[in-house]
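From first to last, the protein sequence lines are chains A and B.
Using the numbering used here, you'd call the opening residue of the first sequence number 2 and step up by one each time.
Using the numbering used here, you'd call the opening residue of the second sequence number 2 and step up by one each time.
Let me begin by presenting the structure, written as structure tokens, before commenting on it.
2 protein chains.
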Amino acid sequence: MRQTLSIVKIGGNIIEDSVALSLFLEHFASLEGYKILVHGGGKKASEVLNKLGIAPKMVNGRRITDQETLDVVIMVYAGLVNKEIVARLQALNCNALGMSGVDADTIQAQKRPVQEIDYGFAGDITSVNSEKMHQILQLGLTPVFCALTHDGKGQLLNTNADTIASEIAIGLSTDFHTVLYYCFELPGVLEDVNDPNSIIAKIDHTMYQKLVDKGSIAKGMLPKMHNAFASLKNGVQEVRIGNLGLFQKENKNYTTLVG
Amino acid sequence: MRQTLSIVKIGGNIIEDSVALSLFLEHFASLEGYKILVHGGGKKASEVLNKLGIAPKMVNGRRITDQETLDVVIMVYAGLVNKEIVARLQALNCNALGMSGVDADTIQAQKRPVQEIDYGFAGDITSVNSEKMHQILQLGLTPVFCALTHDGKGQLLNTNADTIASEIAIGLSTDFHTVLYYCFELPGVLEDVNDPNSIIAKIDHTMYQKLVDKGSIAKGMLPKMHNAFASLKNGVQEVRIGNLGLFQKENKNYTTLVG
Numbered sequence: 002m003r004q005t006l007s008i009v010k011i012g013g014n015i016i017e018d019s020v021a022l023s024l025f026l027e028h029f030a031s032l033e034g035y036k037i038l039v040h041g042g043g044k045k046a047s048e049v050l051n052k053l054g055i056a057p058k059m060v061n062g063r064r065i066t067d068q069e070t071l072d073v074v075i076m077v078y079a080g081l082v083n084k085e086i087v088a089r090l091q092a093l094n095c096n097a098l099g100m101s102g103v104d105a106d107t108i109q110a111q112k113r114p115v116q117e118i119d120y121g122f123a124g125d126i127t128s129v130n131s132e133k134m135h136q137i138l139q140l141g142l143t144p145v146f147c148a149l150t151h152d153g154k155g156q157l158l159n160t161n162a163d164t165i166a167s168e169i170a171i172g173l174s175t176d177f178h179t180v181l182y183y184c185f186e187l188p189g190v191l192e193d194v195n196d197p198n199s200i201i202a203k204i205d206h207t208m209y210q211k212l213v214d215k216g217s218i219a220k221g222m223l224p225k226m227h228n229a230f231a232s233l234k235n236g237v238q239e240v241r242i243g244n245l246g247l248f249q250k251e252n253k254n255y256t257t258l259v260g
Numbered sequence: 002m003r004q005t006l007s008i009v010k011i012g013g014n015i016i017e018d019s020v021a022l023s024l025f026l027e028h029f030a031s032l033e034g035y036k037i038l039v040h041g042g043g044k045k046a047s048e049v050l051n052k053l054g055i056a057p058k059m060v061n062g063r064r065i066t067d068q069e070t071l072d073v074v075i076m077v078y079a080g081l082v083n084k085e086i087v088a089r090l091q092a093l094n095c096n097a098l099g100m101s102g103v104d105a106d107t108i109q110a111q112k113r114p115v116q117e118i119d120y121g122f123a124g125d126i127t128s129v130n131s132e133k134m135h136q137i138l139q140l141g142l143t144p145v146f147c148a149l150t151h152d153g154k155g156q157l158l159n160t161n162a163d164t165i166a167s168e169i170a171i172g173l174s175t176d177f178h179t180v181l182y183y184c185f186e187l188p189g190v191l192e193d194v195n196d197p198n199s200i201i202a203k204i205d206h207t208m209y210q211k212l213v214d215k216g217s218i219a220k221g222m223l224p225k226m227h228n229a230f231a232s233l234k235n236g237v238q239e240v241r242i243g244n245l246g247l248f249q250k251e252n253k254n255y256t257t258l259v260g
């Protein structure tokens, strides 16, 4: 029987809230078996950009990563946020190893091709080095990935953290029974976005299509769900979406996605 | 026979000069055998502090690391500088892994005790986890350490990069034949600091004491030499001090320190 590997993505709202982050990290540290944490930088990157007087570049509501923005993203994601999380996990006796996709050449990406919009130094993942990640896990280490990859030619690339989590989960699903967790501020996928008690306990692909067709999935949830079902098609066993309660054994309030 | 491990510390002047850094990284990438790179952040941390309007806190010419300074140091050392070096090494087919002492719990330190001066979040190294470093090296990875450690209780600490290099070299000297390199802007220890041709080829402990007594070692070189001789007393085989020429096989212009 294959061993279980938990890949956990935490959202920006948890990173920004010191109390929520502490609670999350306690849960995460006590999670048994092999595990990997993936994070972005939340609003801290925007804060530092503001302080440095660098105006955010947005096109159609999406951030453009130019050189000075990339430098700040690298400082905040790989520096400030990553090392704070790793230091707190060490204090909880979880032997964490802060990484980005460039470290140990774990995640390569290509600069997003310019079509209508030039997104700048944004990366679309091309390969995950699952062998090297497996070796690192076997040393008893818990990788903590920030949302950066590289192109193999010396260029770092800003990459969506949800996608990093699902691509890692897919890459390692041949070696492990992989469970992917999206942990954020809501308790799961909701029937009614205004009613936190309307959590849908289980969604399969057919139901997902119906929900999409009905237009009842919240806009922010769509890419997460899209990633999740793509990973379920590609070997990931299970995806769970919820808030901090995701890791409490007695809690059943979250959404499970199955292929 | 034990295998050789090269521990290389690069100085701030090389980090700040993109051409010198490229040249250095080419030499480093082609260095055979196990190797570890150690770097600080040079003047980049001061630049970012300036841009953020954070005044440098100095007492008796030494930087005090308060909380906001520490945050910037973490961003610049572990983020910007570390990831740029790792990305460039990956492009040179050197499988680098960016780290700080908190990662994989490799280097613990204690906050420097307050005596006459409170240095803030400055760390004095208490232990090096040589077993974990050895395991990481055996995966074919090249650790790239920035000048940060942790106290095991969740606190990151700013730590002198020269000391990190010598403590790593000492810690791994039971497993490896360790050679420690201090690579900076001068071609070696000079008889006459104004004459770059006055390199002293070899210095042993007796000669070192004489040079110290004569007052002929440049002030900036003293802590480097002190660290070097401490590491030679504690198992390190050899220390070499020089500029980029250190790694060119035909070049003999550098200073070798022996115990």
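Quick reminder that beta carbons are idealized off the backbone N, C-alpha and C, glycines included.
List in chain order: all unbroken beta strand (DSSP E) runs of 3+ residues lying wholly within the segment 78-138 of chain B. 97-100, 108-112 and 124-129
Does the beta carbon of Q238/B sit closer than 8 Å to a beta carbon anywhere in chain A? By one-based count along the second sequence, residue 238/B stands at place 237. Output row for Q238/B: interface = no.
If you count every other CB in all the chains shown that lies within 10 Å of the CB of R241/A, and 16 or more means buried, which is it? Taking the first residue of the first sequence as position 1, residue 241/A is located at position 240. So R241/A counts as buried.
Between which two residues does the beta strand (DSSP E) carrying F146/A extend? Taking the first residue of the first sequence as position 1, residue 146/A is located at position 145. Looking at the DSSP string, the run of the beta strand (DSSP E) that includes F146/A is T143 to C147.
Any beta carbon of chain B sitting closer than 8 Å to that of M76/A? The count along the first sequence starts at 1 and reaches residue 76/A at position 75. Yes, M76/A lies at the interface with chain B (some Cβ there is under 8 Å from its Cβ).
Would the segment 88-108 of chain A and the segment 161-168 of chain B be scored as touching if the rule is three or more Cβ pairs under 8 Å? no
Have a look at A105/B, V9/B, G42/B and H151/B and flag the residue whose alpha-carbon is nearest the alpha-carbon of L26/B. One-based indexing of the second sequence puts residue 26/B at position 25. It is V9/B whose Cα lies nearest to the Cα of L26/B.
Quick one: is P197/A buried, meaning 16 or more other Cβ sit within 10 Å of its Cβ, or exposed? Locating residue 197/A in the first sequence gives position 196, where the first residue counts as 1. Under this definition P197/A is an exposed residue.
Separation of Q4/A from G243/A, as counted between CA atoms: Walking along the first sequence from the start, residue 243/A turns up at place 242. Walking along the first sequence from the start, residue 4/A turns up at place 3. The alpha-carbon atoms of G243/A and Q4/A are separated by roughly 23 Å.
Are the beta-carbon atoms belonging to V49/B and A97/B less than 8 Å from one another? Within the second sequence, the letter at position 48 stands for residue 49/B. Within the second sequence, the letter at position 96 stands for residue 97/B. Not closer than 8 Å, so no.
Where the beta strand (DSSP E) containing T264/B begins and where it ends: Examination of residue 264/B is not possible in this model, given that chain B is present from 2 through 260 alone.
Residues in the segment 99-122 of chain A having any Cβ partner in chain B nearer than 7 Å: G99, S101, V103, D104, A105 and D106
Is the separation between the beta-carbon of G121/A and that of T66/A shorter than 8 Å? Numbered from 1 along the first sequence, position 120 holds the residue referred to as residue 121/A. Numbered from 1 along the first sequence, position 65 holds the residue referred to as residue 66/A. Taking 8 Å as the Cβ cut-off, G121/A and T66/A qualify as a contacting pair.
Can you tell me the Cβ-Cβ gap for I171/A and I37/A, rounded? I've got them flagged as a contact below 8 Å. Taking the first sequence and counting its residues from 1, the one referred to as residue 171/A is at position 170. Taking the first sequence and counting its residues from 1, the one referred to as residue 37/A is at position 36. Between I37/A and I171/A the Cβ distance is about 13 Å, and since that is not below 8 Å, they are no contact.
Residues bridged to L191/B (per DSSP): Residue numbering aside, residue 191/B sits at position 190 when the second sequence is read from its first letter. Beta-bridge pairing links L191/B to I200/B.
Name the two residues that bound the continuous beta strand (DSSP E) containing S7/A. As a working mapping, residue 7/A is identified with position 6 in the first sequence. It spans T5 to I11 - the beta strand (DSSP E) in which S7/A sits, taken as one unbroken run.
With distances taken from CA atoms, which of Q109/A, L245/A, D205/A and G54/A is nearest A88/B? Within the second sequence, the letter at position 87 stands for residue 88/B. Per the Cα distances, Q109/A.
Anyone know if the C-beta pair for L247/A and Y182/A falls short of 8 Å? For this step, residue 247/A is matched to residue 246 along the first sequence. For this step, residue 182/A is matched to residue 181 along the first sequence. Cβ atoms of L247/A and Y182/A: closer than 8 Å.
Taking all protein chains shown into account, do 16 or more other C-beta atoms lie within 10 angstroms of the C-beta of E85/B, making it buried, or fewer, making it exposed? Taking the second sequence and counting its residues from 1, one reaches residue 85/B at position 84. It is buried - the Cβ of E85/B has at least 16 other Cβ atoms within 10 Å.
Option in E132/A, M134/A, Q136/A and V60/A with minimal Cα separation from Q116/A: Numbered from 1 along the first sequence, position 115 holds the residue referred to as residue 116/A. Residue V60/A is the option with its Cα nearest to Q116/A.
Proximity test, Cβ basis, 8 Å: Q136/A and chain B: For this step, residue 136/A is matched to residue 135 along the first sequence. Yes, contact with chain B.
With 7 Å as the limit, tell me which residues of the segment 214-228 of chain B have their beta carbon closer than that to any beta carbon of chain A; keep them in chain order. none
Establish whether the CB of N159/B and some CB of chain A are separated by less than 8 Å. As a first step, residue 159/B is located in the second sequence; it is residue number 158 there, counting from the start. False, the Cβ-Cβ gap to chain A never drops below 8 Å.
To the nearest angstrom, how far is the alpha carbon of K220/B from that of K154/A? Counting from 1 along the second sequence, the entry for residue 220/B is found at position 219. Counting from 1 along the first sequence, the entry for residue 154/A is found at position 153. Taking the straight line from one Cα to the other gives about 40 Å.
Can you pull out the residues from the segment 16-36 of chain A whose beta carbon lies closer than 7 Å to at least one beta carbon of chain B? none
If you measure from the beta carbon of K44/B to each beta carbon in chain A, is any gap under 8 Å? Start at 1 with the first residue of the second sequence, and residue 44/B comes out as number 43. It does not; no Cβ of chain A falls within 8 Å.
Contiguous beta strand (DSSP E) assignments of at least 3 residues, all confined to the segment 6-62 of chain A: 35-40
At what residues does the alpha helix (DSSP H) containing T70/A begin and finish? Taking the first residue of the first sequence as 1, we reach residue 70/A at position 69. Its alpha helix (DSSP H) spans residues Q68 to I75.
Measuring straight from C-alpha to C-alpha, what distance separates V20/B and L245/B? Reading the second sequence from its first residue, position 19 is the one you call residue 20/B. Reading the second sequence from its first residue, position 244 is the one you call residue 245/B. Approximately 11 Å, taken between the alpha carbons.
For L212/B, does the three-state DSSP call read helix, strand or coil? As a first step, residue 212/B is located in the second sequence; it is residue number 211 there, counting from the start. In this structure, L212/B counts as helix in the three-state DSSP scheme.
Which residues in the same chain as G260/B place their Cβ atom closer than 7 Å to its Cβ, once the five residues preceding and following it in sequence are excluded? The residue you call residue 260/B lines up with position 259 of the second sequence. Cβ neighbours of G260/B beyond the five flanking positions: H206, L233 and K234.
Roughly how many angstroms separate the alpha carbons of E186/A and L22/A, rounded to a whole number? For the purposes of this step, residue 186/A is taken as the residue at position 185 of the first sequence. For the purposes of this step, residue 22/A is taken as the residue at position 21 of the first sequence. Cα-Cα distance, rounded: 11 Å.
Smallest Cα separation from Y255/B: which of L32/B, V103/B, I204/B and D152/B? Within the second sequence, residue 255/B is the residue found at index 254, counting from 1. Selected option, being the one with the closest Cα: I204/B.
Applying the criterion that 16 or more other CB atoms from any shown protein chain within 10 Å of the CB defines a buried residue, is M2/B buried or exposed? Within the second sequence, numbered from 1, the residue matching residue 2/B stands at position 1. With fewer than 16 Cβ atoms within 10 Å of its Cβ, M2/B is classed as exposed.
Buried or exposed by the 16-neighbour rule on C-beta atoms within 10 Å, applied to T175/A: Residue mapping note: residue 175/A aligns to position 174 of the first sequence, counting from 1. Classification for T175/A: exposed.
Could you confirm whether any beta carbon from chain A is found closer than 8 Å to the beta carbon of Q4/B? If you number the second sequence from 1, residue 4/B lands on position 3. Judged by the 8 Å Cβ criterion, Q4/B is not in contact with chain A.
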